[in-house]
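Since the structure comes first, as structure tokens, the remarks are kept for the end.
2 protein chains.
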Amino acid sequence: MYTMNLKELAAHLGLSQTTVSRALNGYPEVSEQTRRRVSAAAEQHNYRPNTRAKGLATGRSMAIGHVLPMSSSHEMVNPVFGDFIAGAGETYARNGYDMVISLVEDGDQERAYRDLRAKGTVDGIIVHGPKSTDHRIAQLSDLGLPFVVHGRVSSENAPYSWVDVNNRRAFHRATSFLTDLGHTRIALLNGLESMDFAARRRAGYEAGLTDAGLPLDLDLCRSEEMTEQFGYDAANTLMDMPDPATAFLVSSIISAVGVRRAVQERGLALGRDISVITHDDELSYLQNGSDIPQFTATRSSVRYAGAQAAQLLLDKIRNPLSAPMNKLLEAQLVLGQSTGPAAK
Amino acid sequence: MYTMNLKELAAHLGLSQTTVSRALNGYPEVSEQTRRRVSAAAEQHNYRPNTRAKGLATGRSMAIGHVLPMSSSHEMVNPVFGDFIAGAGETYARNGYDMVISLVEDGDQERAYRDLRAKGTVDGIIVHGPKSTDHRIAQLSDLGLPFVVHGRVSSENAPYSWVDVNNRRAFHRATSFLTDLGHTRIALLNGLESMDFAARRRAGYEAGLTDAGLPLDLDLCRSEEMTEQFGYDAANTLMDMPDPATAFLVSSIISAVGVRRAVQERGLALGRDISVITHDDELSYLQNGSDIPQFTATRSSVRYAGAQAAQLLLDKIRNPLSAPMNKLLEAQLVLGQSTGPAAK
DNA sequence: TGCCGCATCCAAAGCGCTTTGAAGTGATTC
DNA sequence: GAATCACTTCAAAGCGCTTTGGATGCGGCA
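Heads up: the protein sequence lines correspond to chains Z and F, in order.
According to the working numbering, the first sequence is numbered sequentially starting from 1252.
According to the working numbering, the second sequence is numbered sequentially starting from 1252.
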């Protein structure tokens, strides 16, 4: 299919490129009449300005980069990512931005950011999977490339933009809820605790135990990639202990599904024999029940977080001198069918 | 951080832009000595050619577009997408390509492709979620933009490039496996049957029934977005029928998890009271057991499919005149713990 | 009549790169 | 010594757009 460019369109209209460009970009120094004529012709010939040429001229790429760390050992794309970009993508689309995804190995992170910056591929980036100690923040600040972090970095005390869930409070509340129900053997099935979010959840969990005067038992704490299999295996191990867990606090609904499998396989019932609270990102394909939530959960839409992060980033790009902005989302504690009083 | 451009680098070296450009791009008409000198300087100053400028000059964008249809009713990003792009992304990275994602509403599809083409954002695209009847193929062929389909389009008889799983055969075999075990009430929990892959699975299922001389009972066939909740609800309904299903053939491990939940909630056991076979895309976060597969399954790595599709597309871009290429992946039928002989 | 201001429009430069066509330099050949 | 050649290097054009700094024409005003 043939595609017209500005020069040809201008020639076709008997106008200069300048005028056509201005007409299409809504500049005032062009009469309403010609603007309409230009618009009509552009529409008819299906003219779209070439992104690269436009970008070269304006110095902006109208694209946002998402950098996903993948440790070379287990190259997984977290399922919450899908819903996150669904939210972000909608915001981008509304504002005429494209979304480019980079899957980067842990070692190459630094280079990846430099490249993105030097090559000018994107106008800003969203940082995924921040760790408790993460040099990327400092590095990105140096680079002068606008960015927003999905999550936070505890080690970083200079200000930067982020969108995060109040993970600590969520898990604190969840733990307290379980201790109030009389549970004393509460297991924590957490994500990798090098990840910032997981460390915060851990802290919330510990605070909850402390509130109830319960000791921290490291045997009850597991920390791994949050797969279904992890939930299953960990639950089995923990229920087989001499002094077994009676409640599980789980970092992802995916692992919670694994816990449920282990529980049900033993002929036990969730909410009666074993209590489970999970964090629920409101994944579209793995919803927590329809009417009554299946799991009691700390709920926070990751899709919404994506939309928010995208918006913050676009604002930052529009106004580069603005101070870093933060958004702390509170998770709801929703009551489901997976929790109940501890057996006597 | 300061970034150098070609002009400055050339000036710094006391060479022309031509020579520097050629040195860096490996052209022969430059002496080894100067090439080394140039490379060293480029490395030292962290020079990366600007993507947009390079693209403008070469006419290529070094980016691949992934277009995800999202019906406006339920805007879901399929979880298999994550693993697919993990596979594709690796191939792109190795070849210096970027990956840009477009989330497009069903109505805007046509326009989205025109735009992508006219704006020159990408050199080729991967088409996701093809339907049995899908005009996008014809349209893309018209556009002259290289593309590869993840899946196929039954309505299309002109050749085009695709990567697909042999869904029909996989579900045929799975059905036969169940009938061989003596099951006569086999339910099909399928994806939306407007989707091509789902239609093919349906056909395989029907062929399997026919082979065994079993009638097609439409009450046993469900077709929806493949969520966990769908599996749960459908399983409950089908087990409550007067002449209930004793086996389930499920299109996604996510829905299979829902089926399992329904089964276990009733105190029934998978593989003994109820048989389940699911399709298993080998999702990294939802693996089908570790040593012994939990579910008997038709298995095919969607991550691998992503890598293959990407490779086909890059080949096509490199050699635009080549004939369309296809890759039909055979699913393995792996035996797990979720199937057993029908109860007498 | 002459001048100014306003509303429109335009030519040309520039964004950072690749690539064409040509030129400079020795070394080699007759 | 001139002509040829291979090897390096370069100046400049061009990719498709935006934007600067004029031009042009017209009515209004003194």
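In this text, a Cβ means the ideal position worked out from N, Cα and C, and glycines have one as well.
Fill in: Top-ranked residue by Cα proximity to SER1409/Z, from GLY1587/Z, SER1589/Z, VAL1585/Z and ASN1577/Z
For the purposes of this step, residue 1409/Z is taken as residue 158 along the first sequence, with counting starting at 1. Strictly speaking, residue 1409/Z in this sequence is Ala, with Ser absent from that position. For ALA1409/Z, the closest alpha carbon among the candidates GLY1587/Z, SER1589/Z, VAL1585/Z and ASN1577/Z is that of ASN1577/Z.
Worksheet item: For PRO1495/F, which option in HIS1434/F, SER1267/F, SER1406/F and GLU1479/F has the closest C-alpha, if you only look at C-alpha atoms?
Response: Here the question's residue 1495/F lines up with position 244 in the second sequence. For PRO1495/F, the nearest C-alpha among the options comes from HIS1434/F.
Discussion item. Quick check: the Cα distance between ALA1449/F and VAL1404/F, rounded to an integer number of angstroms?
Written reply: In the second sequence, counting from the first residue as 1, residue 1449/F sits at position 198. In the second sequence, counting from the first residue as 1, residue 1404/F sits at position 153. Approximately 11 Å, taken between the alpha carbons.
Item to complete: Kindly list the residues whose CB is nearer than 6 Å to the CB of ALA1454/F, restricted to its own chain and excluding five residues on each side of it in sequence; keep chain order.
Response: In the second sequence, residue 1454/F corresponds to position 203, counting from 1. Answer for ALA1454/F: ARG1419, listed in chain order.
Discussion item. Is the beta carbon of GLU1475/F closer than 8 Å to that of LEU1439/F?
Written reply: Reading the second sequence from its first residue, position 188 is the one you call residue 1439/F. Reading the second sequence from its first residue, position 224 is the one you call residue 1475/F. Cβ atoms of LEU1439/F and GLU1475/F: not closer than 8 Å.
Practice prompt. Measuring only between beta-carbons, confirm whether THR1478/F sits less than 8 Å from chain Z.
Written response: Taking the second sequence and counting its residues from 1, the one referred to as residue 1478/F is at position 227. True, the Cβ-Cβ gap to chain Z drops below 8 Å.
Worksheet item: Hey, does ARG1368/F have any beta-carbon neighbour from chain Z nearer than 8 Å?
Response: Translated into the one-based positions of the second sequence, residue 1368/F becomes position 117. So, interface residue.
Worksheet item: Among all the DSSP beta bridges, which residues are the ones paired with LEU1586/Z?
Response: In the first sequence, the residue the question calls residue 1586/Z occupies position 335. DSSP, once it has assigned bridges, lists no residue as partnering LEU1586/Z.
Worksheet entry | Interface residues of chain Z facing VAL1302/F [CB-CB closer than 7 Å] | Translated into positions along the second sequence, residue 1302/F becomes position 51. As written in the sequence, residue 1302/F is Thr, which differs from the Val given in the question. Neighbourhood of THR1302/F in chain Z, by CB distance below 7 Å: LYS1370, GLY1371 and THR1372, in chain order.
Item to complete: Residues of the stretch 1485–1517 of chain F with a CB closer than 8 Å to any CB of chain Z: list them in chain order, please.
Response: Along the stretch 1485–1517 of chain F, the positions whose C-beta sits under 8 Å from a C-beta of chain Z are ILE1505, VAL1508, ARG1511, ARG1512, GLN1515 and GLU1516, read in chain order.
Item to complete: With DSSP as the reference, label ASP1447/Z as helix, strand or coil.
Response: As a position in the first sequence, residue 1447/Z is number 196, starting the count at 1. The answer is helix: DSSP assigns ASP1447/Z an H, G or I state.
Worksheet item: Looking at chain F, which residues of the stretch 1279–1306 of chain Z have a Cβ within less than 9 Å of any of its Cβ atoms?
Response: Answer set for the stretch 1279–1306 of chain Z: ASN1297, TYR1298, ARG1299, PRO1300, ASN1301, THR1302, ARG1303, ALA1304, LYS1305 and GLY1306.
Worksheet entry | Same chain, Cβ closer than 8 Å to SER1427/F, neighbours up to 5 away in sequence not counted | As a working note, residue 1427/F is residue 176 in the second sequence. The residues GLY1459, ASP1462 and ALA1463, in chain order, have a CB closer than 8 Å to that of SER1427/F in the same chain once the five nearest residues on each side in sequence are set aside.
Worksheet item: Quick one: does VAL1351/Z have its CB under 8 Å from some CB of chain F?
Response: Against the first sequence, residue 1351/Z aligns to sequence position 100. In terms of beta-carbon proximity, VAL1351/Z lines the interface with chain F, with at least one pair separated by less than 8 Å.
Discussion item. Measuring only the C-alpha atoms, how far is ASP1359/Z from ASP1542/F?
Written reply: Along the first sequence, read from residue 1 onward, the residue named residue 1359/Z stands at position 108. Along the second sequence, read from residue 1 onward, the residue named residue 1542/F stands at position 291. Their Cα atoms are separated by approximately 33 Å.
Discussion item. Let me make sure I understand the geometry here. Which of MET1492/Z, MET1255/Z, MET1446/Z and TYR1483/Z has the alpha-carbon closest to that of ALA1507/Z?
Written reply: Position 256 of the first sequence, counted from the start, is the residue given in the question as residue 1507/Z. When each option's Cα is compared against that of ALA1507/Z, the closest is TYR1483/Z.
Fill in: Contact set between the stretch 1253–1283 of chain Z and chain F, restricted to residues whose Cβ is under 7 Å from the partner
Going along the stretch 1253–1283 of chain Z in chain order, one finds THR1254 with a Cβ nearer than 7 Å to chain F.
Fill in: Neighbour-count burial assignment, ALA1314/Z, 16 or more Cβ in a 10 Å radius
Here residue 1314/Z is taken as the residue at index 63 of the first sequence, counted from 1. Buried.
Fill in: Within 8 Å, strictly: CB atoms of TYR1555/Z and GLY1338/Z
One-based indexing of the first sequence puts residue 1555/Z at position 304. One-based indexing of the first sequence puts residue 1338/Z at position 87. A contact, by the Cβ cut-off of 8 Å.
Worksheet item: Are any of the Cβ atoms in chain F nearer than 8 Å to that of LEU1429/Z?
Response: Here residue 1429/Z refers to the residue found at position 178 of the first sequence. No, LEU1429/Z lies away from the interface with chain F (no Cβ there is under 8 Å from its Cβ).
Worksheet item: How about ALA1593/Z and LEU1467/Z: are their beta carbons less than 8 Å apart?
Response: Locating residue 1593/Z in the first sequence gives position 342, where the first residue counts as 1. Locating residue 1467/Z in the first sequence gives position 216, where the first residue counts as 1. Contact flag unset, no.
Discussion item. Can you tell me where the alpha helix (DSSP H) holding HIS1423/F begins and where it ends?
Written reply: Mapped onto the second sequence, residue 1423/F falls at position 172. That run of the alpha helix (DSSP H) goes 1418–1431.
Worksheet item: In whole angstroms, what is the alpha-carbon distance linking ARG1311/F and ASN1276/Z?
Response: In the second sequence, counting from the first residue as 1, residue 1311/F sits at position 60. In the first sequence, counting from the first residue as 1, residue 1276/Z sits at position 25. Each residue's Cα considered, the two are about 25 Å apart.
Worksheet item: In chain order, what residues of the same chain have a beta carbon less than 8 Å from the beta carbon of LYS1382/Z, not counting five sequence neighbours either side?
Response: Position 131 of the first sequence, counted from the start, is the residue given in the question as residue 1382/Z. If we look at LYS1382/Z and ignore the five residues flanking it on each side, its Cβ neighbours are VAL1404, SER1445, MET1446 and ASP1447.
Discussion item. So, with DSSP's three-state summary, where would you put MET1321/F?
Written reply: Taking the second sequence and counting its residues from 1, the one referred to as residue 1321/F is at position 70. MET1321/F: strand per DSSP, three-state reduction.
Practice prompt. Taking SER1312/Z as the query, report the chain F residues whose CB atoms sit under 7 Å from its CB, ordered along the chain.
Written response: Residue mapping note: residue 1312/Z aligns to position 61 of the first sequence, counting from 1. Neighbourhood of SER1312/Z in chain F, by CB distance below 7 Å: ARG1303, in chain order.
Worksheet entry | Closer than 7 Å at the beta carbon, the chain F residues around GLU1457/Z | One-based indexing of the first sequence puts residue 1457/Z at position 206. Here the premise fails: no neighbours, minimum Cβ distance about 26 Å.
Worksheet item: Hey, how far is the Cα of TYR1278/Z from the Cα of ARG1286/Z?
Response: Along the first sequence, read from residue 1 onward, the residue named residue 1278/Z stands at position 27. Along the first sequence, read from residue 1 onward, the residue named residue 1286/Z stands at position 35. Spanning the two alpha carbons is a distance of roughly 10 Å.
Fill in: Beta-carbon contacts of ARG1517/F that lie in its chain and below 8 Å, excluding the five residues immediately before and after
Stepping through the second sequence from its first residue, residue 1517/F is reached at position 266. Excluding sequence positions up to five before and after ARG1517/F, its CB lies within less than 8 Å of the CB of MET1490, all in the same chain and listed in chain order.
Worksheet item: For VAL1378/Z, which of GLU1356/Z, TRP1413/Z and THR1590/Z has the nearest alpha-carbon?
Response: On the first sequence, residue 1378/Z is found 127 positions in, with the first residue counted as 1. Closest by alpha carbon: TRP1413/Z.
Item to complete: Kindly confirm or deny that the stretch 1544–1563 of chain Z and the stretch 1258–1277 of chain F touch, where touching means at least three C-beta pairs closer than 8 Å.
Response: With the cut-off at 8 Å, the stretch 1544–1563 of chain Z and the stretch 1258–1277 of chain F do not touch.
Item to complete: Give the interface partners of PRO1330/Z over in chain F, defined as CB-CB distance under 8 Å, in chain order.
Response: Taking the first residue of the first sequence as 1, we reach residue 1330/Z at position 79. Those within 8 Å of PRO1330/Z in chain F are PRO1330, GLY1333, LEU1534, TYR1536 and LEU1537.
Item to complete: Please report how far the alpha carbon of HIS1263/F lies from the alpha carbon of VAL1271/F, in whole angstroms.
Response: Start at 1 with the first residue of the second sequence, and residue 1263/F comes out as number 12. Start at 1 with the first residue of the second sequence, and residue 1271/F comes out as number 20. Rounded to whole angstroms, HIS1263/F to VAL1271/F spans 11 Å at the Cα level.
Item to complete: Could you tell me whether the Cβ of ALA1449/F comes closer than 8 Å to any Cβ of chain Z?
Response: As a working mapping, residue 1449/F is identified with position 198 in the second sequence. No, its Cβ sits nowhere closer than 8 Å to a Cβ of chain Z.
Item to complete: Buried or exposed for HIS1401/Z, please, with buried defined as at least 16 other CB atoms from any protein chain shown within 10 angstroms of its CB.
Response: Numbered from its first residue, the first sequence carries residue 1401/Z at position 150. In the assembly as shown, HIS1401/Z is a buried residue. Its beta-carbon has 16 or more other beta-carbons within 10 Å.
Practice prompt. Have a look at the DSSP bridge pairing and note the partners of VAL1399/Z.
Written response: As a working note, residue 1399/Z is residue 148 in the first sequence. DSSP, once it has assigned bridges, lists ILE1377/Z as partnering VAL1399/Z.
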